[in-house]
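Novice:
Numbering (our numbering), first residue to last: 386 to 1127.
#1: On the DSSP letters alone, give me the boundaries of the alpha helix (DSSP H) that residue 554 sits inside.
#2: Under 8 Å: do the region 910-929 and the region 969-979 share three or more Cβ pairs, one atom per stretch?
#3: To the nearest angstrom, how far is the alpha carbon of residue 466 from that of residue 438?
#4: So, are the CB atoms of residue 698 and residue 673 less than 8 Å apart?
#5: From residue 1098 to residue 554, what distance separates their C-alpha atoms?
#6: Please determine if the region 413-427 and the region 479-492 are in contact, where contact requires at least 3 C-beta pairs separated by less than 8 Å.
#7: DSSP state of residue 1067, grouped into three classes?
#8: Here's a check: name, in chain order, each residue in its chain whose Cβ is nearer than 8 Å to the Cβ of residue 652, leaving out the five neighbours to either side.
#9: Less than 8 Å separating the beta-carbons of residue 950 and residue 834?
#10: Which one or two residues does DSSP pair with residue 825 in a beta bridge?
#11: Under DSSP, the beta strand (DSSP E) around residue 837 begins and ends at which residues?
#12: Mind checking residue 572: buried by the 16 CB within 10 Å criterion, or exposed?
#13: What does the alpha-carbon distance come out to for the pair residue 371 and residue 990?
#14: Mind reading off the beta-carbon distance from residue 514 to residue 501? Whole number of angstroms is fine, and I expect it under 8 Å.
#15: Could you tell me whether the region 810-825 touches the region 1080-1088, using the rule of 3 or more Cβ pairs below 8 Å?
#16: Considering residue 906, what are the terminal residues of the alpha helix (DSSP H) in which it resides?
#17: Check the DSSP bridge columns for residue 677 and list the partner residues they point to.
#18: Got a sec? Which residues, its chain only, sit under 6 Å from residue 556 by beta carbon, not counting five neighbours each side?
#19: Return the bridge partner residues of residue 1040 from the DSSP annotation.
#20: Using DSSP's beta-bridge definition, name the partner residues of residue 940.
#21: How would you call residue 452, buried or exposed, if buried means at least 16 neighbouring beta carbons within 10 angstroms?
#22: Along the chain, where does the beta strand (DSSP E) that runs through residue 900 open and close?
#23: Give a single yes or no on whether residue 535 has its beta carbon closer than 7 Å to a heavy atom of the ligand PLP.
#24: For the alpha helix (DSSP H) holding residue 645, just list the boundary residues, first then last.
#25: Who are residue 439's beta bridge partners in DSSP?
#26: In or out: residue 802 buried (at least 16 other Cβ within 10 Å) or exposed?
#27: What's the gap between the Cα of residue 660 and the Cα of residue 781?
#28: Figure out for me which residue from 1077, 1023, 850 has the closest Cα to the Cα of residue 1056.
#29: Determine the DSSP secondary structure at residue 454, reduced to helix, strand or coil.
#30: Can you tell me the Cβ-Cβ gap for residue 891 and residue 862, rounded? I've got them flagged as a contact below 8 Å.
#31: Can you name, in chain order, every residue of its own chain whose Cβ lies under 6 Å from the Cβ of residue 909, other than the five neighbours on each side?
#32: Measure the beta-carbon distance from residue 911 to residue 947 and round it to whole angstroms, keeping in mind my assumption that it falls under 8 Å.
#33: Tell me whether residue 685 sits in a helix, a strand or coil according to DSSP, three-state version.
#34: Assign residue 566 to one of two classes, buried (16 or more other C-beta atoms within 10 Å of its C-beta) or exposed (fewer than that).
#35: Beta-carbon within less than 7 Å of residue 1068's beta-carbon, same chain only, minus the 5 sequence neighbours each way: which residues are those?
Structure, rendered in structure tokens:
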């Protein structure tokens, strides 16, 4: 009895740079060959020219590369990124330079051929021989990339878009050579007339030099613009990688020593002067300054930092001298993680693209069959070889599925790149599909809607009591405590009443408060008073009803004031909730806090539905309960206790100011701690998805509409070549519109 063999589990991942791909069918072929290897799972992206491959033990990277090479392409592991050019569209790329050179020469040579062929008035005796002289280098040298790729693929028993271009142009050129040397087309005084459609031509005196040279020039222009746009689309990622500092002044034996950032180790202390970039993620150990993080987060307001505060690599020291201790270096830094997330998203494939790839893989053989059928059909119907040939060539040239292969990856590259510039990191293309369906957004309270830090809000004093005195006495006592509420009182008192006096005989009464001696008064702060004047009792009840912590202050035996302390709602949260509602989402507040606090926060930002008093593990159940009601749920959170809920939600949005666990569990990471970015992230994702779908509709629609026209003889092959080239340019240009997203 035979037993089923257990699948081989992938144990490692590698990213390969694939060379020689010229269209979506090439990418589909490489992907198919790699996936045929035992235990290997590969995804090949035509736009980024990369293959993401998972492979099991026993398979070497060299085996993967050998498989790609056997398929007719090149493969290598990527090298560390080189410094980007100042202009992301700078044409120092060898592929760009080659396409530019071939197009420039081909266009200069093809233009007179097209003009002579299309305008009889320009045709002089023996003009056709000049046209041949000009067209030959265009077809042979200008079209060499297409012929070379077609030949390589033919040797491996495959046909791609280049097969169509090469066959079409060589057929047109070959027919012209036959007509010139063996027919009547070479006779002095021969005149040719350009037609938009097929029909009414004498085969022996008809030449297609304008088709052969014009199509090559048009397609070279399309390839050049496509390659240039792809380079610009990836510019955001290159710019992100370039944000980091190149060298750093590290402290060794008390002296500064400049070293490359790559040599920096965790625990090293380094100096950052005003105007310099912070070399890596770390903690400030000395100095006070303001840090400009706008390049990394898009947030324009500098953040004040002092000893003990964390700082992020690639941000700029806008104020005083800082000494920073490195806590993360190299691939562990926030900048490197951001770049990795963006690159992973760009290399991934949405479900719609997988469909497009499957269609592209069978499209070329189908088109070749249609071209043969067109030739046979015209020949049978009209008996005219010239008309049959012209229609078949038009079919070959117009059907290239370039636009289909570029529709998704270019939009993904631009969308994720633009997101990175705005502090929105999209983990993968499948995330885009989720954003379209989401109808409910669950917001964690602490650290997401609120700052997560307790602050002093209101001060209520009994009649005849000085507010500043109450604050100074309470603040002095609370200054000695580490409790979050005590710290909030101390900081609030210092801000409102100035420098605080010293406290003596400090005593902590567990669960009730603190007491001690300040400026000769016996002071008590907390819940140490049982009898309160009516006005203070009313103030305490009102504060607690609003979800705030009421702290009673008294001295010399009498209660004198009530301080209301609470976690502060972020200034932007109410606006963010309005923006989320405008996107058609229903906001829900989810928190472990008591219901009074939760409802007070919800009221202040405009949220109607509140789920309160839940334990961390119950947050997952709350999300599942909403999903059970038929809702598609997005979750926004920042803490370790949110990680499971973020992973459970249909769409997880992690605040970049939160914990690594939350960021790892989220589908989208919001680098800034501003909830408004959540709305921006959903808008950008939806717009990227809309762009992808628009591109695919165009690419499919173009081929579906154009093929019957070409087969029916309603398109001259040169017009077909121009249309095909510009369909790809349209798709890429449409994707580049995402760069303007605000």
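Just so you know, even glycine gets a beta-carbon here, dropped at the ideal spot from N, CA and C.
Specialist: This is what the structure gives:
#1: The residue labelled residue 554 in the question sits at position 169 within the chain shown. Note, residue 554: alpha helix (DSSP H), 546-567.
#2: The answer is no - the region 969-979 does not touch the region 910-929, with fewer than three Cβ pairs under 8 Å.
#3: Numbered from its first residue, the chain shown carries residue 466 at position 81. Numbered from its first residue, the chain shown carries residue 438 at position 53. With a pLDDT of 48 at residue 466, under the threshold of 50, the modelled position of that residue is not reliable, and no figure is offered here.
#4: Within the chain shown, numbered from 1, the residue matching residue 698 stands at position 313. Within the chain shown, numbered from 1, the residue matching residue 673 stands at position 288. No, the Cβ-Cβ distance between residue 698 and residue 673 is not below 8 Å.
#5: Along the chain shown, read from residue 1 onward, the residue named residue 1098 stands at position 713. Along the chain shown, read from residue 1 onward, the residue named residue 554 stands at position 169. Separation of residue 1098 and residue 554 (C-alpha to C-alpha, rounded to the nearest whole angstrom) is 17 Å.
#6: With a cut-off of 8 Å, the region 479-492 and the region 413-427 do not count as touching, because too few Cβ pairs lie within range.
#7: Residue numbering aside, residue 1067 sits at position 682 when the chain shown is read from its first letter. Three-state DSSP puts residue 1067 in a helix.
#8: As a working mapping, residue 652 is identified with position 267 in the chain shown. Taking residue 652 as the centre and dropping the five residues before and after it, the same chain places the C-beta of 710, 711 closer than 8 Å to its C-beta, in chain order.
#9: Translated into the one-based positions of the chain shown, residue 950 becomes position 565. Translated into the one-based positions of the chain shown, residue 834 becomes position 449. No.
#10: If you number the chain shown from 1, residue 825 lands on position 440. Partner(s): 971, 1018.
#11: The count along the chain shown starts at 1 and reaches residue 837 at position 452. Where residue 837 is concerned, the enclosing beta strand (DSSP E) stretches over 835-846.
#12: Looking up residue 572 in the chain shown gives position 187. Exposed, since its Cβ has fewer than 16 Cβ neighbours within 10 Å.
#13: For residue 371 there is no data in the structure shown, the boundaries of the chain being 386 and 1127.
#14: As a first step, residue 514 must be located in the chain shown, where it is residue number 129. As a first step, residue 501 must be located in the chain shown, where it is residue number 116. Residue 514 to residue 501, Cβ: 11 Å. No contact.
#15: Too few Cβ pairs lie closer than 8 Å, so no.
#16: Locating residue 906 in the chain shown gives position 521, where the first residue counts as 1. Note, residue 906: premise wrong, no alpha helix (DSSP H); beta strand (DSSP E) at 906-911.
#17: The residue labelled residue 677 in the question sits at position 292 within the chain shown. Assignment of beta-bridge partners to residue 677 by DSSP yields 701.
#18: The residue you call residue 556 lines up with position 171 of the chain shown. Shown here for residue 556: same chain residues with a beta carbon closer than 6 Å to its own, the five before and five after excluded, namely 778 in chain order.
#19: On the chain shown, position 655 is the one that residue 1040 refers to. Under the DSSP definition of a beta bridge, residue 1040 partners with 1055.
#20: One-based indexing of the chain shown puts residue 940 at position 555. Answer by DSSP bridge pairing, in chain order: 908, 943.
#21: Counted from its first residue, the chain shown places residue 452 at position 67. Buried.
#22: For this step, residue 900 is matched to residue 515 along the chain shown. Unbroken beta strand (DSSP E) run through residue 900: 898-903.
#23: This structure lacks the ligand PLP; in fact it carries no ligand of any kind.
#24: Within the chain shown, numbered from 1, the residue matching residue 645 stands at position 260. Unbroken run through residue 645 is the beta strand (DSSP E), 640-645; no alpha helix (DSSP H).
#25: For the purposes of this step, residue 439 is identified with residue 54 of the chain shown, where counting begins at 1. Beta-bridge pairing links residue 439 to 398, 426.
#26: The count along the chain shown starts at 1 and reaches residue 802 at position 417. Around the beta carbon of residue 802, a 10 Å sphere encloses 16 or more other beta carbons of the protein chains shown; the residue is thus reported as buried.
#27: Numbered from 1 along the chain shown, position 275 holds the residue referred to as residue 660. Numbered from 1 along the chain shown, position 396 holds the residue referred to as residue 781. Distance between the alpha carbons of residue 660 and residue 781: 59 Å.
#28: As a position in the chain shown, residue 1056 is number 671, starting the count at 1. Of the listed residues, the one whose Cα sits closest to residue 1056 is 1023.
#29: Here residue 454 is taken as the residue at index 69 of the chain shown, counted from 1. Residue 454 sits in a helix when the DSSP states are folded into three classes.
#30: As a position in the chain shown, residue 891 is number 506, starting the count at 1. As a position in the chain shown, residue 862 is number 477, starting the count at 1. About 7 Å separates the two Cβ atoms, so the contact holds.
#31: Mapped onto the chain shown, residue 909 falls at position 524. If we look at residue 909 and ignore the five residues flanking it on each side, its Cβ neighbours are 900, 939.
#32: Counting from one through the chain shown, the residue named residue 911 turns up at place 526. Counting from one through the chain shown, the residue named residue 947 turns up at place 562. With 8 Å as the limit, residue 911 and residue 947 do not qualify as a contact, their Cβ atoms being about 11 Å apart.
#33: On the chain shown, position 300 is the one that residue 685 refers to. Caution applies to residue 685, whose pLDDT of 43 falls short of 50 and renders its modelled position unreliable; the value that the coordinates give is listed next. Residue 685 falls in the coil class under three-state DSSP.
#34: Indexing the chain shown from 1 puts residue 566 at position 181. Exposed, since its Cβ has fewer than 16 Cβ neighbours within 10 Å.
#35: Residue mapping note: residue 1068 aligns to position 683 of the chain shown, counting from 1. The answer, listed in chain order, is 968.
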